[in-house]
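Visitor: Here it is, the structure in full.
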């Protein structure tokens, strides 16, 4: 495969233009481009710009709303609930990330959740952004069913990604996982690279452990990390996002409308300086 | 072993009396007895009244303060920070559980954290109590180092237990784990029952995988669940509790005073009814 050199700043501009050409307004396109820019600079090799072609399909065929009217529909005090109007998950999640920081400025902690959203790509771009602004922020997402259990013949629960960021003077930490041993994106990378997987990562169509990542992609039987522990953590994210937001839960993967919008996200920001005083959080 | 029949109500009274005889005042003893009562009724077989004899030792030899002066020392709005004055972890954790609910009543969400605390026994008694009062509450604890990593020759991080409770009309859910494959309590139960463990649960003194639980108890090399994923989640609890509370972190297991008080706990309560309206959270 031929390598192409891409300059980071140029990438951001190109992404913004491309998103505009798929229907987003300039402001929204810049937000989404910023998310992909951060994700891609991490260099993980999945959950980055390789996810964009699918996003364009959903925008072009009307399954995702390019210009959502994101509305506050509930909450009190330090806790707010939004409807994402079936907009891109990157737009919706950045919206609640910003809101959670606004709330944390006023109340010390801020909790903002959004339903009727779409795939947020990954947690890291949002938590990293919030961390640069001085908050300790945790971001999580309910995703469509991507997690099974030993003995089950289908996926029952989202793998429900979760992440946070922190840094001190001379080091930084970015944590961004889902509660399966492997996400779809990571499994796809193993397939592309011809690698085998540990046999506890998933099951084949007969429900048997397998070391072939394609078997798991075909069966969709992704196993939760550490068995019941990972499954229970995925339920917690489900509660903290889609259940509290009143969004789709479990394997309710389609709206009655046939549109997408089956994700919910939650951001929790903590105003560290107000708890410990400046400079003490390191 | 001969079985003894104990009536639940009698148990609560006996526990209260016993705790008073080890120096607690009546009010504090009733709170701690309530925690052990709930934990014991779960019937899990560990993290229940079998932990009390150790607690009595710490109370009797002055390592734990039987009548702590728990003080608010920081915070703003929906977020409060307490010092536990080296009191029993059960007292300290119930204190922040109550405070988080008070805050959630006023602000929608409440975050209360406490440092200079001790072992809280388990998360479930607090989350179950809060759930009965109508809150969706998550409780977590920094604990002394009980989690290692492949290649490390000692424990580096607390196994940092985490739990939540929820219920609907006809079902209920109680989730209460630590981020090692096995806690100390569970490992002890395997030893007592002469059972072997999966070889990925821990390492022996030479750093090699072992199926003998006694090897792990001797080496103290407990492995994090799902490798880096469990380790990163333990760091998150560390951040959300001891780092934000300004308490002991990582393997700072002793205070300079030689006293205990090396735990921190955090309770986050969500006022579900104010977010979704009555009856919608099920």
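Protein chains in written order, with the working numbering: chain A, 1349 to 1630; chain B, 1349 to 1630.
Every residue gets a Cβ at the ideal spot worked out from N, C-alpha and C, and that includes glycine.
Considering only C-alpha positions, which residue in the set B:1352, B:1381, B:1355, B:1354 is nearest to residue 1365 (chain B)?
Guide: For residue 1365 (chain B), the nearest C-alpha among the options comes from B:1381.
Visitor: Measure the CB-CB distance between residue 1448 (chain A) and residue 1611 (chain A) and report whether it falls below 8 Å.
Guide: Against a cut-off of 8 Å, the Cβ pair of residue 1611 (chain A) and residue 1448 (chain A) comes out as no contact.
Visitor: Could you work out which residue in B:1456, B:1491, B:1527, B:1567 is closest to residue 1581 (chain A) when comparing CA atoms only?
Guide: Ranking B:1456, B:1491, B:1527, B:1567 by Cα distance to residue 1581 (chain A) puts B:1527 first.
Visitor: Would the beta-carbon of residue 1593 (chain B) fall within 8 Å of that of residue 1429 (chain B)?
Guide: Result yes, Cβ atoms of residue 1593 (chain B) and residue 1429 (chain B) sit closer than 8 Å.
Visitor: Out of curiosity, what's the CA-to-CA distance linking residue 1457 (chain B) and residue 1351 (chain B)?
Guide: Spanning the two alpha carbons is a distance of roughly 45 Å.
Visitor: How far does the beta strand (DSSP E) with residue 1427 (chain A) in it extend, from its first residue to its last?
Guide: 1427-1431 is the extent of the beta strand (DSSP E) around residue 1427 (chain A).
Visitor: Which chain B residues are close to residue 1468 (chain A), counting only those with a beta carbon under 7 Å from its beta carbon?
Guide: None at all; the shortest Cβ gap to chain B is about 18 Å.
Visitor: Buried or exposed for residue 1576 (chain A), going by 16 or more other Cβ atoms inside 10 Å?
Guide: Burial call: exposed.
Visitor: When the Cβ atoms of the region 1453-1472 of chain A are set against those of the region 1612-1622 of chain A, are three or more pairs found closer than 8 Å?
Guide: Taking 8 Å as the limit for Cβ pairs, the verdict is that the region 1612-1622 of chain A does touch the region 1453-1472 of chain A.
Visitor: Determine the contact status of residue 1506 (chain A) and residue 1497 (chain A), defining contact as a CB-CB distance below 8 Å.
Guide: The answer is no: Cβ separation not under 8 Å.
Visitor: For residue 1554 (chain A) and residue 1546 (chain B), what's the separation of their Cα atoms in angstroms?
Guide: In a straight line, the C-alpha of residue 1554 (chain A) is about 24 Å away from that of residue 1546 (chain B).
Visitor: Taking C-beta pairs closer than 9 Å, name the residues in chain A that residue 1529 (chain B) reaches, listed in chain order.
Guide: Those within 9 Å of residue 1529 (chain B) in chain A are 1574, 1577.
Visitor: Are residue 1432 (chain A) and residue 1463 (chain A) close, meaning C-beta to C-beta below 8 Å?
Guide: Result yes, Cβ atoms of residue 1432 (chain A) and residue 1463 (chain A) sit closer than 8 Å.
Visitor: Anything in the region 1465-1493 of chain B with a Cβ closer than 8 Å to a Cβ of chain C? List those residues in chain order, please.
Guide: Structure shown: chain C not included; protein chains present are A and B.
Visitor: Using a C-beta to C-beta distance shorter than 7 Å, which residues of chain A count as neighbours of residue 1622 (chain B)?
Guide: Simply 1424.
Visitor: Under 8 Å Cβ-Cβ, which residues of chain A neighbour residue 1454 (chain B)?
Guide: Residues of chain A passing the Cβ test: 1425.
Visitor: I need the boundaries of the beta strand (DSSP E) containing residue 1354 (chain A), first residue and last residue.
Guide: Unbroken run through residue 1354 (chain A): none, as it is neither H nor E.
Visitor: Starting from the beta carbon of residue 1535 (chain B), find every residue of chain A whose beta carbon is closer than 7 Å, and list them in chain order.
Guide: Result: empty, since nearest Cβ-Cβ is about 15 Å, beyond 7 Å.
Visitor: Leaving aside the five residues before and after residue 1425 (chain B) along the sequence, list all residues of the same chain whose C-beta is less than 7 Å from its C-beta, in chain order.
Guide: Closer than 7 Å at Cβ, skipping near neighbours: 1455.
Visitor: Tell me which residue opens and which closes the alpha helix (DSSP H) that residue 1522 (chain A) is part of.
Guide: Residue 1522 (chain A) -> not in any alpha helix (DSSP H); beta strand (DSSP E) instead, spanning 1519-1525.
Visitor: Looking at the C-beta of residue 1571 (chain B), does it have a partner C-beta in chain A at a distance below 8 Å?
Guide: Chain A, which has no Cβ nearer than 8 Å to the Cβ of residue 1571 (chain B), makes this no.
Visitor: What are the complete alpha helix (DSSP H) segments, minimum 4 residues, inside the region 1464-1549 of chain B?
Guide: The region 1464-1549 of chain B contains these whole alpha helix (DSSP H) runs: 1472-1480, 1532-1540.
Visitor: Using three-state DSSP, classify residue 1416 (chain B) as helix, strand or coil.
Guide: Reduced to three states, the DSSP call for residue 1416 (chain B) is coil.
Visitor: Compare the Cα-Cα distances from residue 1544 (chain B) to each of B:1461, B:1400, B:1561, B:1556 and report the closest residue.
Guide: Taking only the C-alpha atoms, the option nearest residue 1544 (chain B) is B:1561.
Visitor: Can you say whether residue 1354 (chain B) is buried or exposed, counting buried as having 16 or more other CB atoms within 10 angstroms of its CB?
Guide: Under this definition residue 1354 (chain B) is an exposed residue.
Visitor: When the Cα of residue 1367 (chain B) is compared with those of B:1600, B:1388, B:1407, which residue comes out closest?
Guide: Measuring from the Cα of residue 1367 (chain B), the nearest candidate turns out to be B:1407.
Visitor: Using the rule of at least 16 other Cβ atoms within 10 Å of the residue's Cβ for burial, across every protein chain shown, is residue 1356 (chain A) buried or exposed?
Guide: Exposed, since its Cβ has fewer than 16 Cβ neighbours within 10 Å.
Visitor: From residue 1361 (chain A) to residue 1579 (chain B), what does the alpha carbon distance come to, in whole angstroms?
Guide: Approximately 37 Å between the Cα atoms of the pair.
Visitor: Helix, strand or coil: which one does DSSP assign to residue 1597 (chain B)?
Guide: Reduced to three states, the DSSP call for residue 1597 (chain B) is coil.
Visitor: If you run the structure through DSSP and keep just helix, strand and coil, what is residue 1624 (chain B)?
Guide: Correct three-state label for residue 1624 (chain B): helix.
Visitor: For residue 1429 (chain A), would you say it is in contact with chain B, using Cβ-to-Cβ distances shorter than 8 Å as the test?
Guide: Yes, its Cβ sits closer than 8 Å to a Cβ of chain B.
Visitor: How many angstroms separate the CA atom of residue 1563 (chain A) from the CA atom of residue 1533 (chain A)?
Guide: Distance between the alpha carbons of residue 1563 (chain A) and residue 1533 (chain A) is about 15 Å.
Visitor: Going by CA-CA distance only, name the one from A:1516, A:1599, A:1411, A:1434 that's closest to residue 1419 (chain A).
Guide: Among A:1516, A:1599, A:1411, A:1434, the Cα nearest to that of residue 1419 (chain A) belongs to A:1434.
Visitor: Taking the C-alpha atoms as reference points, what is the distance between residue 1510 (chain A) and residue 1391 (chain B)?
Guide: Their Cα atoms are separated by approximately 31 Å.
Visitor: Just to confirm my understanding: we take residue 1566 (chain B), look at its own chain, exclude 5 residues before and 5 after, and list those with CB closer than 7 Å. What are they?
Guide: Same-chain partners within the cutoff: 1553.
Visitor: Measuring only the C-alpha atoms, how far is residue 1415 (chain A) from residue 1465 (chain A)?
Guide: Each residue's alpha carbon lies about 12 Å from the other.
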